[in-house]
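Working notes, beginning with the structure itself.
Protein chains: 2
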Amino acid sequence: MKESQHTDLTTRQRAIFSYIAERVQSSGRPPTVREIGEKFNLSSTGSVRTHLRALIRKGYISTQAGISRGITILKPSAARQRPAKPRSTPKAIKTLQIPVVGRVAAGPPILAVEDIQEILELDEQLAPSHGELFALHVRGDSMIDAGIHDGDYVFIRPQKVAQKGDMIVAIVDGEATIKTYFPANGKIRLQPANDKLQPILIDPSKTEFQIVGKVTGMMRRF
Amino acid sequence: MKESQHTDLTTRQRAIFSYIAERVQSSGRPPTVREIGEKFNLSSTGSVRTHLRALIRKGYISTQAGISRGITILKPSAARQRPAKPRSTPKAIKTLQIPVVGRVAAGPPILAVEDIQEILELDEQLAPSHGELFALHVRGDSMIDAGIHDGDYVFIRPQKVAQKGDMIVAIVDGEATIKTYFPANGKIRLQPANDKLQPILIDPSKTEFQIVGKVTGMMRRF
DNA sequence: TTGCTTTACGCACACATGTGTGGTATACTC
DNA sequence: GAGTATACCACACATGTGTGCGTAAAGCAA
Numbered sequence: 004m005k006e007s008q009h010t011d012l013t014t015r016q017r018a019i020f021s022y023i024a025e026r027v028q029s030s031g032r033p034p035t036v037r038e039i040g041e042k043f044n045l046s047s048t049g050s051v052r053t054h055l056r057a058l059i060r061k062g063y064i065s066t067q068a069g070i071s072r073g074i075t076i077l078k079p080s081a082a083r084q085r086p087a088k089p090r091s092t093p094k095a096i097k098t099l100q101i102p103v104v105g106r107v108a109a110g111p112p113i114l115a116v117e118d119i120q121e122i123l124e125l126d127e128q129l130a131p132s133h134g135e136l137f138a139l140h141v142r143g144d145s146m147i148d149a150g151i152h153d154g155d156y157v158f159i160r161p162q163k164v165a166q167k168g169d170m171i172v173a174i175v176d177g178e179a180t181i182k183t184y185f186p187a188n189g190k191i192r193l194q195p196a197n198d199k200l201q202p203i204l205i206d207p208s209k210t211e212f213q214i215v216g217k218v219t220g221m222m223r224r225f
Numbered sequence: 004m005k006e007s008q009h010t011d012l013t014t015r016q017r018a019i020f021s022y023i024a025e026r027v028q029s030s031g032r033p034p035t036v037r038e039i040g041e042k043f044n045l046s047s048t049g050s051v052r053t054h055l056r057a058l059i060r061k062g063y064i065s066t067q068a069g070i071s072r073g074i075t076i077l078k079p080s081a082a083r084q085r086p087a088k089p090r091s092t093p094k095a096i097k098t099l100q101i102p103v104v105g106r107v108a109a110g111p112p113i114l115a116v117e118d119i120q121e122i123l124e125l126d127e128q129l130a131p132s133h134g135e136l137f138a139l140h141v142r143g144d145s146m147i148d149a150g151i152h153d154g155d156y157v158f159i160r161p162q163k164v165a166q167k168g169d170m171i172v173a174i175v176d177g178e179a180t181i182k183t184y185f186p187a188n189g190k191i192r193l194q195p196a197n198d199k200l201q202p203i204l205i206d207p208s209k210t211e212f213q214i215v216g217k218v219t220g221m222m223r224r225f
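Those sequence lines, one after another, are chains C and B.
Offset between the first sequence (1-based) and this note's numbering: plus 3.
Offset between the second sequence (1-based) and this note's numbering: plus 3.
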């Protein structure tokens, strides 16, 4: 079984996509069109742009018009290609200690995590993050269509802003909730991943609303 | 000046540093000099650059000359919020090292795990087990109704027998598969958790069949 | 006082970088 | 054969963006 993962990308496109994702990961900064071209021996920026357009069309990246290094990775999970190398030297294992919190309080200037219930230790590559992570115990089935069930743990990377479509934890009227984030002309739609539930519409000027962080992973025990 | 944590930064410098770190985190792209200025109502790029120079001098960031969005965060830990609470009794944390295997070969007397691709380290309480655990990368959607998606990791506790209804990994005709186990008068039904798929009926006398282990947990990264 | 640091403005310059247009060539499908 | 997608090159253009330089006010220590 070859290429079971990303059959919708051509070999070339996948290589370029992986390179972009790797650059973001390792240098914290997406490459420019010309840097991509240099990497792949493409002397023309037009060639690179053709590939970028293909990746945009297929939903792997997006670009912000006009701004430099404007590429955004939309499918970070698709970028993790198998290492393909049997590592002779088992690499150093970095672990993270992740507090599981029962309550998340949003207090200026930053997030205050209260009520630490347990601490999970986790392999860093499982929870790729440059910041601090914490975990929440999920209640309810509002994200069941995204494969997140009642009782699961989700891992949260604290951040105060999010992009359209991100799965986030937010404080709405004092209560923490997990939803998908869709801002639209001043208002915010929080979309549950559950056919049976309605989206929540929020006017930030009227309702207390604060993004706690982005969901970066989940775990379940049977 | 009243901060306890990073006394070497002024309030202003610290705010700017945090903003840069947050931008890298949330958008995957450092801000430009002008974007920083806009955020902090600095009408002159010169003002921003003064602060950046201070952050460089104090070792918090570095910049790559000439390239756009060239700021690199050197102290990601300093961008984090304070760790909330000195936890009174930090309990002992036991971790397990879990190999992720690409291939599972069933050979007596016990399981032989081949092709170790990576090693996950995991908190013991997350994967309660008295034996050895290993992990598999899930391919396909056969267990999607159980909330296990393509690309997820599942944790396996090796065992050669299972009980009715257990979710197991089994070798069928040389291929590893994840199904729910239902034995019935000499035959075995392997039930996928997916409406669209049919159960597999196996006659152990005719088909190679061996239980590898029981699924005890799962994990996903976004 | 002098000197140093921090904070801040204004502005011009050069290069970094995204974007558009127009080519060539190959392969595949209908 | 026409149409479409991929994979390249060459080049021009507008704008994004880092950098340099000068100015100035406020606070603090020697």
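From the three backbone atoms N, C-alpha and C, an ideal C-beta is built for every residue, glycine too.
Look at the segment 58–77 of chain B: the residues with a C-beta under 7 Å from a C-beta of chain C are S71, R72, T75 and I76. Against chain B, a Cβ distance below 7 Å from H140/C picks out nothing, because the smallest value is about 12 Å.
If you draw a straight line from the Cα of R192/B to the Cα of G189/C, it is about 54 Å long.
When secondary structure is reduced to three states using DSSP, Q201/B falls in the coil class, being assigned neither helix nor strand. DSSP places G62/B in the coil class of the three-state scheme, outside both helix and strand. The C-alpha of S208/B lies about 28 Å from the C-alpha of V141/B.
A residue is called buried when at least 16 other Cβ atoms come within 10 angstroms of its Cβ; S29/B meets this threshold and is buried.
Contact between I23/B and I74/B holds, since their C-beta atoms are separated by about 6 Å, short of 8 Å. When DSSP reads this structure, T75/C sits in a beta bridge with S65/C.
A direct Cα-Cα distance of roughly 15 Å separates I159/C from E25/B. Under the 7 Å criterion on CB atoms, V172/B is classed as non-interfacial with respect to chain C. Burial is judged here by how many other beta carbons sit within 10 angstroms of a residue's own beta carbon; L55/B has at least 16 and is buried.
Contact between P202/C and P195/C is confirmed by a C-beta separation of about 7 Å, below the 8 Å threshold.
Among the CB atoms of chain C, none fall inside 7 Å of the CB of Q201/B. Per DSSP, the continuous alpha helix (DSSP H) segment holding T14/C begins and ends at T14 to S30.
Contact annotation: V175/C and F212/C have beta-carbon atoms nearer than 7 Å. Annotation: the continuous beta strand (DSSP E) that includes I191/C extends over K190 to Q194. For K42/B, the uninterrupted alpha helix (DSSP H) run begins and ends at V36 to K42, by DSSP. The Cβ neighbour count for T183/B, taken over all protein chains shown within 10 Å, is at least 16; the residue is labelled buried. Taken atom to atom, the span from the alpha-carbon of Y63/C to that of I214/C is near 25 Å. Contact of F225/C with chain B is assigned, a C-beta pair being separated by under 7 Å.
The distance from the Cβ of I171/B to that of S145/B is about 13 Å, inconsistent with a contact at the 8 Å cut-off. A18/B has its alpha-carbon roughly 15 Å from the corresponding atom of K61/B. V218/C reaches chain B at F225, counting residues in chain order whose Cβ is nearer than 9 Å.
Distance from the CA atom of T35/B to the CA atom of H152/C, rounded to whole angstroms, is 40 Å. Cβ neighbours of N197/B within its own chain (closer than 8 Å, five residues either side excluded): D144, S145, M146, I147 and D148.
Within the segment 147–188 of chain C, complete beta strand (DSSP E) segments of at least 3 residues are found at 156–161, 170–175 and 178–187, given in chain order.
Against chain B, a Cβ distance below 8 Å from K163/C picks out E25 and S29. For F225/C, no beta strand (DSSP E) encloses it, and the DSSP letter there is neither H nor E. For G150/B, at least one C-beta of chain C is nearer than 7 Å to its own C-beta.
By the CB criterion at 7 Å, R72/B and R32/B fall inside the cutoff. Ranked by Cα distance from M221/B, the first of L45/B, V51/B, T66/B and L139/B is L139/B. Its Cα nearest to that of A173/B, the residue I205/B stands out among F20/B, I205/B and G49/B.
Contact between V218/C and F225/B holds: CB atoms are separated by about 6 Å, below the 8 Å threshold. When DSSP states are grouped into helix, strand and coil, L45/B belongs to the coil group. K217/B is bridged by DSSP to R160/B and I171/B.
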